[in-house]
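Shown next, in structure tokens, is the structure this report addresses.
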Amino acid sequence: MTQRDRELLAADHQRISQLAEQAEAKGREADTLTMMYEEFNGFERFVAQRLAPALAESTGELLSAVTDGRYDSVNVTESYGIEVYDGHEECFPIEQFSGGERDVISLCARLALSRLIGGQANHPPGFLVLDEVFGSLDRDRRLHVLETLGTLSSATDAFKQLFIISHVDDVRSSPIFNEVWRISEDSDGVSRLENLGVSGGVDE
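Per the working numbering, the very first residue in the sequence shown carries number 159; after that it's consecutive.
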């Protein structure tokens, strides 16, 4: 074996040693990430087990108010999937409902979650912002949702102040609002904020 061969062999051995060290380090990183993943999954399951029943109950109460009692019982799975009872025995995943019904169910779940989180905080934010949640609802459903929001606003600190953004004309005439504002754009493309008062009535 020549000197050149010995040098090449030594260089190869060094590279192999470095690769082995890198592989060992990556293995330790993978073990750490696996442990973190398992811990987070366990925590998520713990939270789901604690939160899901309360979330299901609160969502069911809101859904019953909005749908006149047609749907009044909800199940929330550990993966936070929403299932709604149609009657006392049949339970269907939210995906099997019509688009408008899905929006109502999702909105009630969002409100329920906000109420639960706000109720647990030492200093709840006290306000809720809803952006374009009425577009797919028929007029009766919109009225029920608005009435429910008004009741929640007066009954819980979590919803003392509501900011509702909507392009639906009859929403602004709801009696739950203390003030109605409109954003319009002038001919120069400048946005303008206009106070429409309490009723929201204004000539179009």
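We put the CB at the ideal spot given by N, CA and C, even for glycine.
Check your understanding: According to the neighbour-count rule (16 or more other Cβ atoms, all chains shown, within 10 Å of its Cβ), is glycine 359 buried or exposed?
Key -> Taking the first residue of the sequence shown as position 1, residue 359 is located at position 201. Below a pLDDT of 50, predicted positions are generally treated as unreliable, and glycine 359, at 49, falls in that range; the measurement from the model is reported next regardless. Glycine 359 comes out exposed.
Check your understanding: Thinking C-beta only, is leucine 295 closer than 8 Å to glycine 257?
Key -> In the sequence shown, residue 257 corresponds to position 99, counting from 1. In the sequence shown, residue 295 corresponds to position 137, counting from 1. Contact annotation: glycine 257 and leucine 295 have beta-carbon atoms that are not nearer than 8 Å.
Review point. Which term fits arginine 164, buried or exposed, when burial requires 16 or more other beta carbons within 10 angstroms of its beta carbon?
Key: By 1-based counting over the sequence shown, the position of residue 164 is 6. Arginine 164 counts as exposed, since fewer than 16 other beta carbons sit within 10 angstroms of its beta carbon.
Practice item. Would you decide whether isoleucine 240 is buried or exposed? Buried here means 16 or more other CB atoms lie within 10 Å of its CB. Key: Working through the sequence shown from its first residue, we reach residue 240 at position 82. Buried, since its Cβ has 16 or more Cβ neighbours within 10 Å.
Review point. Do leucine 288 and serine 332 have their CB atoms nearer than 8 Å?
Key: Counting from 1 along the sequence shown, the entry for residue 288 is found at position 130. Counting from 1 along the sequence shown, the entry for residue 332 is found at position 174. Not in contact: leucine 288 and serine 332 (Cβ atoms no closer than 8 Å).
Point to revise | Buried/exposed call for arginine 297, threshold 16 Cβ in 10 Å | key: For this step, residue 297 is matched to residue 139 along the sequence shown. Result: exposed.
Check your understanding: What number of angstroms, rounded off, separates the C-alpha of leucine 351 from the C-alpha of leucine 320?
Key -> In the sequence shown, counting from the first residue as 1, residue 351 sits at position 193. In the sequence shown, counting from the first residue as 1, residue 320 sits at position 162. Just so you know, the alpha carbons of leucine 351 and leucine 320 end up roughly 18 Å apart.
Practice item. Could you tell me which residues DSSP pairs with phenylalanine 285 in its beta bridges? Key: Here residue 285 refers to the residue found at position 127 when the sequence shown is read from its first residue. Gln319, per the DSSP bridge assignment.
Exercise for review: Kindly indicate which residue of Ser349, Phe250, Gly293, Glu236 has the alpha-carbon position closest to the one of alanine 210.
Suggested key: Here residue 210 is taken as the residue at index 52 of the sequence shown, counted from 1. Nearest C-alpha to alanine 210: Glu236.
Exercise for review: Kindly indicate which three-state DSSP category arginine 228 falls into: helix, strand or coil?
Suggested key: Locating residue 228 in the sequence shown gives position 70, counting from the first residue. Residue state, collapsed to three classes: coil.
Practice item. Have a look at Phe255, Leu301, Phe292 and flag the residue whose alpha-carbon is nearest the alpha-carbon of serine 324. Key: By 1-based counting over the sequence shown, the position of residue 324 is 166. Checked all of Phe255, Leu301, Phe292; the closest Cα to serine 324 is Phe292.
Check your understanding: In whole angstroms, what separates the C-alpha of threonine 225 from that of isoleucine 341?
Key -> Numbered from its first residue, the sequence shown carries residue 225 at position 67. Numbered from its first residue, the sequence shown carries residue 341 at position 183. As the crow flies, the alpha-carbon of threonine 225 is around 31 Å from that of isoleucine 341.
Exercise for review: Give the DSSP-derived three-state secondary structure of glycine 359 in the structure shown.
Suggested key: Taking the first residue of the sequence shown as 1, we reach residue 359 at position 201. With a pLDDT of only 49 at glycine 359, under 50, the local geometry of the prediction cannot be trusted, and the value read off the model is given with reservation. It is coil, neither helix nor strand.
Exercise for review: Provide the residue span of the beta strand (DSSP E) that contains isoleucine 240, from first to last.
Suggested key: For this step, residue 240 is matched to residue 82 along the sequence shown. Where isoleucine 240 is concerned, the enclosing beta strand (DSSP E) stretches over 240-243.
Point to revise | Three-state secondary structure assigned by DSSP to arginine 370 | key: This structure leaves residue 370 out entirely; the chain is present only between 159 and 362.
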